[in-house]
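In full-length UniProt numbering, the protein residues as written are 1 to 406.
Each residue gets a CB set at the ideal place from its N, CA and C atoms; glycine is no exception.
Nothing here was measured: the structure is a model prediction, and the numbers come from that model.
If you want it as structure tokens, here you go:
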């Protein structure tokens with residue numbers, strides 16, 4: 001089957017008569033901002049040392065690239081009635097937020113057939129410059145017929161899910177409309193001055209490739225104002241005397257601006273420290289907070305696995321212990337991320353009160369939480385979409401406010 005809706009971005013006019021740029025006229029410069037956070041001193045003896053790298057998606061001057069969006073509308077038996085009416089409201093929201101530079105295809109079918117058809121539509125495209133491809137699935141998640149949708153090979157095409165009616169979560173659309181860079185890769189290389197060794201790199205479940213003295217992480221897309229934090233655990237060798245300005249790790253990154261097929265290189269960064277014989281400074285607060293987030297996320301994952309094994313009481317005990325650790329975790333001033341972690345743990349404990357509640361609401365909450373922490377990307381947690389804003393961007397928060405005011 002072929003689909004005849006493949007067209008280039010053409011100059012158009014808005015309601016005021018002002019010309020809207022075509023792809024060739026865009027002055028979009030999607031890019032990333034990168035920085036390194038670490039203590040400036042380390043002891044002379046062999047010692048572990050943490051470095052945190054932070055990547056931030058930087059936005060657009062005025063315009064944004066178009067999107068090539070295929071919406072898959074589940075019209076199976078379970079979607080009849082109120083769910084179908086709510087899906088129409090969700091589609092109206094999507095259409096209102098698109099611009100003349102966007103391309104929208106609508107497919108009505110069951111989940112598996114819809115995903116396969118959406119991938120076929122995007123694969124058949126010839127005119128792709130200036131647009132970010134994606135599939136948006138609107139469904140209640142019940143597969144009434146056809147094969148298992150989780151078995152569909154989606155390659156590198158992002159697939160978003162969208163809820164219904166007054167409770168829908170519009171943040172997935174906010175992210176899609178603000179993709180700053182694509183194919184983002186970060187490479188961490190051991191420093192040239194000493195034989196510092198990269199022990200581990202904590203970057204969620206993003207793909208890592210490793211060599212003798214380097215690690216490369218593939219992040220894919222990064223939204224405007226979205227952040228990726230990477231904790232690098234190094235082992236510093238022992239030295240005999242004090243040294244200054246010792247290069248321990250070098251960071252490079254490359255990406256493709258969302259309006260271009262050309263790979264761009266970010267400015268390289270170097271982490272340098274002094275090796276001293278005196279007492280060294282404390283860990284940087286930002287590094288401590290991110291390390292605590294990783295620890296808490298791992299605990300929530302372990303608790304979910306325990307609950308899946310019908311050990312709810314043990315899982316709750318594990319979460320309560322994590323709550324106590326967060327209460328004892330003291331930083332200079334109240335931190336929003338730490339407060340949201342506390343709320344997340346509290347909700348997960350509440351949703352593990354009985355097997356029925358856990359199966360219906362607790363497990364979906366836990367899986368959504370794991371995915372969010374692993375990808376460092378916002379994901380809704382059911383009714384708590386307005387309270388739990390981990391990894392949300394300014395545009396996501398704006399869309400949420402618009403939805404509330406509809």
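Could you name the residues of the same chain whose beta carbon sits closer than 6 Å to that of residue i, not counting the 5 residues immediately before and after it, in chain order?
i: residue 186; result: 217 and 253
i: residue 139; result: 74 and 111
i: residue 222; result: 57, 180, 181 and 184
i: residue 24; result: Its pLDDT being 37, under 50, residue 24 is placed unreliably by the model, and the measurement read from it follows with that caveat. Here the set comprises nothing.
i: residue 379; result: 368, 371 and 372
i: residue 263; result: 254 and 256
i: residue 55; result: 32, 34 and 228
i: residue 244; result: 274
On the DSSP letters alone, give me the boundaries of the beta strand (DSSP E) that residue i sits inside.
i: residue 107; result: 103-109
i: residue 431; result: Beyond the ends of the chain as shown, which are 1 and 406, falls residue 431; an answer cannot be given.
i: residue 323; result: Counting along the chain, residue 323 falls outside any beta strand (DSSP E), though it belongs to the alpha helix (DSSP H) covering 312-328.
i: residue 175; result: Per DSSP, residue 175 belongs to no beta strand (DSSP E); it is in the alpha helix (DSSP H), 171-176.
i: residue 275; result: 269-276
i: residue 206; result: Unbroken run through residue 206: none, as it is neither H nor E.
i: residue 185; result: 179-190
i: residue 265; result: 263-265
i: residue 53; result: 47-58
i: residue 358; result: Taken as a continuous stretch (DSSP letters only), residue 358 belongs to no beta strand (DSSP E), as it is neither H nor E.
i: residue 43; result: 41-43
i: residue 161; result: 159-161
State the CB to CB distance for the pair residue i and residue j, rounded to an integer number of angstroms; the pair is presumed to be in contact (CB under 8 Å).
i: residue 111; j: residue 156; result: Residue 111 to residue 156, Cβ: 20 Å. No contact.
i: residue 271; j: residue 51; result: 5 Å
i: residue 69; j: residue 104; result: 5 Å
i: residue 294; j: residue 231; result: 7 Å
i: residue 296; j: residue 341; result: 5 Å
i: residue 215; j: residue 376; result: At roughly 17 Å, the Cβ-Cβ gap does not stay under 8 Å, so residue 215 and residue 376 are not in contact.
i: residue 196; j: residue 249; result: 7 Å
i: residue 246; j: residue 302; result: Between residue 302 and residue 246 the Cβ distance is about 37 Å, and since that is not below 8 Å, they are no contact.
i: residue 408; j: residue 79; result: Beyond the ends of the chain as shown, which are 1 and 406, falls residue 408; an answer cannot be given.
i: residue 37; j: residue 269; result: Actually they are not in contact, since the Cβ atoms of residue 37 and residue 269 sit about 11 Å apart, beyond 8 Å.
Within a Cβ cutoff of 7 Å, which residues of the same chain sit near residue i, ignoring the five residues on either side of it in sequence?
i: residue 42; result: 49, 236, 273, 275 and 280
i: residue 365; result: 347, 348, 351, 381 and 382
i: residue 387; result: 343
i: residue 233; result: 48, 50, 199 and 200
i: residue 118; result: 70, 72, 107 and 135
i: residue 312; result: 352, 355 and 358
i: residue 203; result: 217 and 230
i: residue 81; result: none
Span of the alpha helix (DSSP H) holding residue i?
i: residue 287; result: 285-308
i: residue 371; result: 363-375
i: residue 350; result: 336-350
i: residue 331; result: Per DSSP, residue 331 belongs to no alpha helix (DSSP H) and is neither H nor E.
Ignore the nearest five residues each way along the sequence and tell me which others in residue i's own chain have a CB closer than 8 Å to its CB.
i: residue 265; result: 252, 253 and 254
i: residue 331; result: 285, 288, 289 and 338
i: residue 363; result: 304, 307 and 308
i: residue 395; result: 174, 175, 177, 178, 223, 224 and 225
i: residue 16; result: For residue 16, the predicted model reports a pLDDT of 35, less than 50, meaning its position is unreliable and no value from the coordinates is stated.
i: residue 44; result: 238, 239, 240, 241, 242, 275, 276 and 277
i: residue 59; result: 30, 178, 180, 224 and 225
i: residue 324; result: none
i: residue 326; result: 292, 296, 338, 341, 342 and 345
Which residues does DSSP pair with residue i in a beta bridge?
i: residue 79; result: Beta-bridge pairing links residue 79 to no other residue.
i: residue 73; result: 108 and 138
i: residue 247; result: 272
i: residue 131; result: 66
i: residue 34; result: 55
i: residue 220; result: 184
i: residue 256; result: 182 and 263
i: residue 200; result: 233
i: residue 215; result: 188 and 210
(message) So, does the segment 298-315 touch the segment 340-358, judging by three or more C-beta pairs under 8 Å?
(response) yes
(message) Is it the case that the segment 206-217 contacts the segment 172-182, given that we only count it when at least three CB pairs across the two stretches are under 8 Å?
(response) no
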